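Q: Quick one: the structure is below, and I'll ask about it shortly.
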Amino acid sequence: MVGLHNSDIKNPTLRWIDQRLPLISLMQNEYAKFPAPRNFNYWWNFGALAMVNLMIMIVTGIVLAMHYTPHTAFAFDSVERIMRDVNYGWLIRYIHANGASMFFIVVYIHMFRGLYYGSYKAPRELLWILGVVILLLMMATAFMGYVLPWGQMSFWGATVITNLFSAIPIVGDAIVTWLWGGFSIDNPTLNRFFSLHYLLPFVIVGVVFLHVVALHITGSNNPLGIEPKGPQDTVPFHPYYTVKDTFGMCVYLMVFAFLVFFAPNYLGHPDNYIPANPLVTPAHIVPEWYFLPFYAILRAVPSKLGGVLLMFASIFVLFLLPWLDTSKVRSARFRPVYKWFFWLLVVWCVILGYCGAKPPEGIYVVLSRLGTIYYFAHFLIILPVLGKLERPLPLPESIAQAVLGGGGRMPAGAVAKPMEKA
Amino acid sequence: MAETSHASAHQTGHAPHAEGTRRDFLYLMTGAMGAVGTAAVAWPFIHQMNPSKDVLALSTTEVDLSPIQQGQAITVMWRGKPVFIRRRTEPEVQQANAVNLGDLPDPQADSARAQRPEWLVVVGVCTHLGCVPLGTKATDPKGEFGGWFCPCHGSHYDSSGRIRKGPAPKNLEVPTYTFLTDTRIRIG
Ligand code: HEM
Ligand code: FES
């Protein structure tokens, strides 16, 4: 299509711009008028929260990079200088460090929301897959970020995780040397990790953009898991969900602020306040909490290569999820059996996380193994089979019917003015 | 928004006030809280670029004056900038005092620029665009007025560090300094 965009903006200057570069129309259509199912619950806040969190990470990260020195001889001291000397450096670093934790909390909830309400099912497969890509990028970013302060956990965490690649037959050692740029974690490693830690968040921004484009093609899922059938089933995104998201954001910011101001090191490890020492390994290396379930899977297997493969498989299986779940019904509300398996998965993930923080001995090994078995069985056996055997509850006619009761269609006027009850 | 809320006030039977409805009030208060909160968060992110504590801690320098002979000058670093300390000769001081203040682009008496006539302390940064003027070393050109000469765009300073000729608008800055003893000063 060639020619000026057909803009309905009144202001002549804005209209002139919008006809040539219809950004305002785009924002209006995609964020203001965008019809969203009328029945979102608070679990639908977490996508917007993740977006806010990503922005917070980028802003605080760019500030940290103004004061941080990516060199083994200065990195630790430059972080201490941020904490003591840079104006509000302590605040900005604590926001960044705890922001990583908040990010994973938000994204994990966002993903479990998807699992519960079947948001990964057709036609949203690609939307889900892009989400898993974001998770992988976040993990890489957070891992490399944790190396930057160059404390004991930074150094030894990096050593252990990069050594995972040495499990690959034949080329493993060459790959590890390539990752390190040397024969151990050292200055070349720190330098490239800093470069990539700066880059990847912007790659995440790009994938998030695609994620949102895909979302706006298929439209959002909703707690009932049935598609909106007409305007009576939706409300415009603004003001209904902008307000709901803002309220959720206030609660999220309160939790975030509590962590930053009252427990800034609660989720961190004290050993990371000891400068990196290549000659002394800490008694007990634990990754950041958000990696613990995966770490437990890694250690559950008494084989180096096997553990590494299973750990990577635990994420890759998520890519296949849209095709592993054979049930046509999305929302767990109407899947009486799946609902139980879902909660079982949640419980096992928590147990795996707990085991990941404990030494790999006794009961923790047993629990890690059981958890690993359940995790894979859930996706590879239970979901495919359950879809065939389970008898779902009857689905409601439409969203409007389910939320308004009665079954009749809404009178058109009532849809336009529900705000007026305020 | 405002229109809808006025309409709704009528429909729902709230007393319509000329100043606005309850919802207008809440809307305004929420907006104001949001603005205050945003400003409060913005400040740390702006202030972090100001000099940090360790930078401020380096903002004084002590200098031992005893090795400097009459007619000699030295350069010391203070806050990352050069400071010229010149032990002036009697003729140089007289020359600086003899000038008619009305002839100066930036009129200032020499007595206002030197705590002790023998010692001139000035920041060695040209007030034009920040080059370091020549004239401190014995071999340097001192310009037409026996002080300093900035080679970047040709500014001439006299033996009191005052601008006499060229594009620079102001005299060389005199930093805060104190004589701790007769042969020791603290700059800053
Ligand atoms: C996806 C978003 C991001 C995540 C998940 C993330 C995660 C992390 C983590 C876990 C740390 C270690 C915190 C600590 O223990 O001190 C860290 C440190 C750091 N990050 Fe990020 N980061 C992100 C984005 C960024 C961006 C965009 C930049 C720069 C442009 C950046 C710059 C830094 C710097 C300089 C450090 C070292 C200082 C420090 O340790 O506090 N980060 N990051
Ligand atoms: S900077 Fe000295 S004359 Fe221009």
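Which chain is which? The protein sequence lines are R and Y, in order.
So the first sequence is residues 1 to 422, counted in the working numbering.
So the second sequence is residues 1001 to 1188, counted in the working numbering.
Glycine included, every Cβ here is placed at the ideal spot set by N, Cα and C.
Because the structure is a prediction, the values reported are computed rather than measured.
With Trp128(R) and Leu321(R) assumed to form a contact (beta carbons below 8 Å), what rounded beta-carbon distance in angstroms separates them?
A: Position 128 of the first sequence holds residue 128(R). Position 321 of the first sequence holds residue 321(R). Confirmed, Cβ separation roughly 7 Å.
Q: The ligand FES and Pro1091(Y): does any heavy atom of the ligand fall closer than 7 Å to the residue's C-beta?
A: Taking the first residue of the second sequence as 1, we reach residue 1091(Y) at position 91. Checking the Cβ of Pro1091(Y) against the ligand FES gives no.
Q: Just how far apart, CA to CA, sit Leu179(R) and His110(R)?
A: Here residue 179(R) refers to the residue found at position 179 of the first sequence. Here residue 110(R) refers to the residue found at position 110 of the first sequence. Approximately 32 Å between the Cα atoms of the pair.
Q: Got a sec: does the ligand FES put a non-hydrogen atom nearer than 7 Å to the Cβ of Leu1129(Y)?
A: Taking the first residue of the second sequence as position 1, residue 1129(Y) is located at position 129. Checking the Cβ of Leu1129(Y) against the ligand FES gives yes.
Q: Output the distance between the C-alpha atoms of Ala422(R) and Ala32(R), rounded to the nearest integer angstrom.
A: Counting from 1 along the first sequence, the entry for residue 422(R) is found at position 422. Counting from 1 along the first sequence, the entry for residue 32(R) is found at position 32. Because Ala422(R) carries a pLDDT of 33, less than 50, the predicted location of this residue cannot be relied on, and the following value inherits that uncertainty. Distance between the alpha carbons of Ala422(R) and Ala32(R): 20 Å.
Q: Count Cβ pairs between the region 187-198 of chain R and the region 141-149 of chain R that sit closer than 8 Å; are there 3 or more?
A: Judged by Cβ distances under 8 Å, the region 187-198 of chain R makes contact with the region 141-149 of chain R, as three or more pairs qualify.
Q: According to DSSP, is Tyr1157(Y) part of a helix, a strand, or is it coil?
A: Within the second sequence, numbered from 1, the residue matching residue 1157(Y) stands at position 157. Tyr1157(Y) falls in the strand class under three-state DSSP.
Q: When you compare the CB of Lys1053(Y) with every CB in chain R, is at least one pair closer than 8 Å?
A: Position 53 of the second sequence, counted from the first residue, corresponds to residue 1053(Y). Yes, Lys1053(Y) lies at the interface with chain R (some Cβ there is under 8 Å from its Cβ).
Q: Residues in its own chain within less than 7 Å of Ile351(R) by CB, not counting five upstream and five downstream?
A: Here the question's residue 351(R) lines up with position 351 in the first sequence. So the qualifying residues of the chain are Leu367 and Gly371.
Q: May I ask you to check if the CB of Pro1169(Y) is nearer than 7 Å to at least one heavy atom of the ligand FES?
A: By 1-based counting over the second sequence, the position of residue 1169(Y) is 169. Pro1169(Y): no, Cβ never under 7 Å from the ligand FES.
Q: Could you tell me the boundaries of the alpha helix (DSSP H) in which Gly1034(Y) lies?
A: Within the second sequence, numbered from 1, the residue matching residue 1034(Y) stands at position 34. Unbroken alpha helix (DSSP H) run through Gly1034(Y): Arg1022 to His1047.
Q: Can you pull the chain R residues whose beta carbon is under 8 Å from the beta carbon of Phe1025(Y), in chain order?
A: The count along the second sequence starts at 1 and reaches residue 1025(Y) at position 25. Residues of chain R passing the Cβ test: none, with the nearest at roughly 12 Å.
Q: Should Phe155(R) go down as buried or exposed, given a rule of 16 or more other Cβ atoms within 10 Å for buried?
A: Here the question's residue 155(R) lines up with position 155 in the first sequence. Counting Cβ neighbours within 10 Å, Phe155(R) comes out buried, since at least 16 surround it.
Q: Does the beta carbon of Ser101(R) fall short of 7 Å from some heavy atom of the ligand FES?
A: The residue you call residue 101(R) lines up with position 101 of the first sequence. No, the ligand FES has no heavy atom inside 7 Å of this Cβ.
Q: Under 7 Å, CB to CB, which of the residues in the region 85-102 of chain R have a partner in chain Y?
A: From the region 85-102 of chain R, only Asp85, Val86, Asn87, Tyr88, Gly89, Leu91 and Ile92 have a Cβ closer than 7 Å to chain Y.
Q: Let me know the secondary structure DSSP gives Glu125(R) once reduced to three states.
A: For the purposes of this step, residue 125(R) is taken as the residue at position 125 of the first sequence. Helix.
Q: Would you list, in sequence order, the uninterrupted beta strand (DSSP E) runs of no fewer than 3 residues that lie entirely inside the region 1057-1128 of chain Y?
A: For the region 1057-1128 of chain Y, whole beta strand (DSSP E) runs of length 3 or above, ordered along the chain, are 1061-1064, 1073-1078, 1081-1087 and 1119-1123.
Q: For Tyr42(R), count neighbouring C-beta atoms within 10 Å of its own C-beta (all shown protein chains included) and say buried if the count is 16 or more, exposed if not.
A: The residue you call residue 42(R) lines up with position 42 of the first sequence. Answer is exposed; the Cβ neighbour count stays below 16.
Q: Could you give the DSSP three-state label for Gly248(R): helix, strand or coil?
A: Translated into the one-based positions of the first sequence, residue 248(R) becomes position 248. Helix at Gly248(R).
Q: Note the first and the last residue of the continuous alpha helix (DSSP H) segment covering Phe76(R).
A: Locating residue 76(R) in the first sequence gives position 76, counting from the first residue. Run containing Phe76(R): Ala75 to Arg84, per the alpha helix (DSSP H) assignment.
Q: Between the region 46-68 of chain R and chain Y, which residues of the former have CB atoms less than 9 Å from a CB of the latter, in chain order?
A: So the list reads Val59, Thr60, Val63, Met66 and His67, given in the order they occur along the chain.
Q: Inspect the beta-carbon positions of Tyr1157(Y) and Leu1134(Y) and report whether they are closer than 8 Å.
A: Here residue 1157(Y) refers to the residue found at position 157 when the second sequence is read from its first residue. Here residue 1134(Y) refers to the residue found at position 134 when the second sequence is read from its first residue. Taking 8 Å as the Cβ cut-off, Tyr1157(Y) and Leu1134(Y) do not qualify as a contacting pair.
Q: Looking at Gly1166(Y) and the ligand FES, is the gap between the Cβ and the nearest heavy atom below 7 Å?
A: Against the second sequence, residue 1166(Y) aligns to sequence position 166. The answer is yes for Gly1166(Y).
Q: Is DSSP giving Ile95(R) helix, strand or coil here?
A: Position 95 of the first sequence, counting from 1, holds the residue named residue 95(R). Correct three-state label for Ile95(R): helix.
Q: Does DSSP classify Pro359(R) as helix, strand or coil?
A: Walking along the first sequence from the start, residue 359(R) turns up at place 359. Coil, per DSSP.
Q: Buried or exposed for Gly407(R), please, with buried defined as at least 16 other CB atoms from any protein chain shown within 10 angstroms of its CB.
A: Taking the first sequence and counting its residues from 1, the one referred to as residue 407(R) is at position 407. Reliability of the predicted coordinates at Gly407(R) is poor, the pLDDT of 49 falling under 50, and no value is obtained from them.
Q: The ligand FES and Gly1135(Y): does the residue's C-beta get closer than 7 Å to at least one heavy atom of that ligand?
A: As a working note, residue 1135(Y) is residue 135 in the second sequence. The answer is no for Gly1135(Y).
Q: Closer than 6 Å by C-beta to Ile281(R): which residues in its own chain qualify, once you throw out the five before and the five after it? Chain order, please.
A: Within the first sequence, the letter at position 281 stands for residue 281(R). Note that residue 281(R) corresponds to Thr in the displayed sequence, not to Ile. Excluding sequence neighbours, Thr281(R) sits near Trp156.
Q: Looking at C-beta atoms only, is the number of pairs between the region 110-119 of chain R and the region 235-255 of chain R that lie closer than 8 Å three or more?
A: Too few Cβ pairs lie closer than 8 Å, so no.
Q: Pro231(R) to Asn221(R), Cα distance in whole Å?
A: Counting from 1 along the first sequence, the entry for residue 231(R) is found at position 231. Counting from 1 along the first sequence, the entry for residue 221(R) is found at position 221. In a straight line, the C-alpha of Pro231(R) is about 15 Å away from that of Asn221(R).
Q: Less than 7 Å separating the Cβ of His1153(Y) from some heavy atom of the ligand FES?
A: Stepping through the second sequence from its first residue, residue 1153(Y) is reached at position 153. For the ligand FES, at least one heavy atom lies less than 7 Å from the Cβ of His1153(Y).
Q: Which residues bound the alpha helix (DSSP H) around Gly182(R)?
A: Along the first sequence, read from residue 1 onward, the residue named residue 182(R) stands at position 182. That residue, Gly182(R), is in no alpha helix (DSSP H); it is neither H nor E in DSSP.
Q: Over what stretch of residues does the beta strand (DSSP E) that includes Ile1187(Y) continue unbroken?
A: As a working mapping, residue 1187(Y) is identified with position 187 in the second sequence. First-last of the beta strand (DSSP E) with Ile1187(Y): Arg1184 to Ile1187.
Q: What first and last residue would you give for the beta strand (DSSP E) that runs through Tyr31(R)?
A: If you number the first sequence from 1, residue 31(R) lands on position 31. Where Tyr31(R) is concerned, there is no enclosing beta strand (DSSP E), given that its DSSP letter is neither H nor E.
Q: In terms of residue numbering, what span does the alpha helix (DSSP H) encompassing Thr159(R) cover?
A: Position 159 of the first sequence, counted from the start, is the residue given in the question as residue 159(R). Gln152 to Asn163 is the span of the alpha helix (DSSP H), which, as asked, contains Thr159(R).
Q: By the 10 Å Cβ neighbour count, where 16 or more other Cβ atoms means buried, how is Cys250(R) classified, buried or exposed?
A: As a first step, residue 250(R) is located in the first sequence; it is residue number 250 there, counting from the start. Exposed, by the Cβ-count rule.
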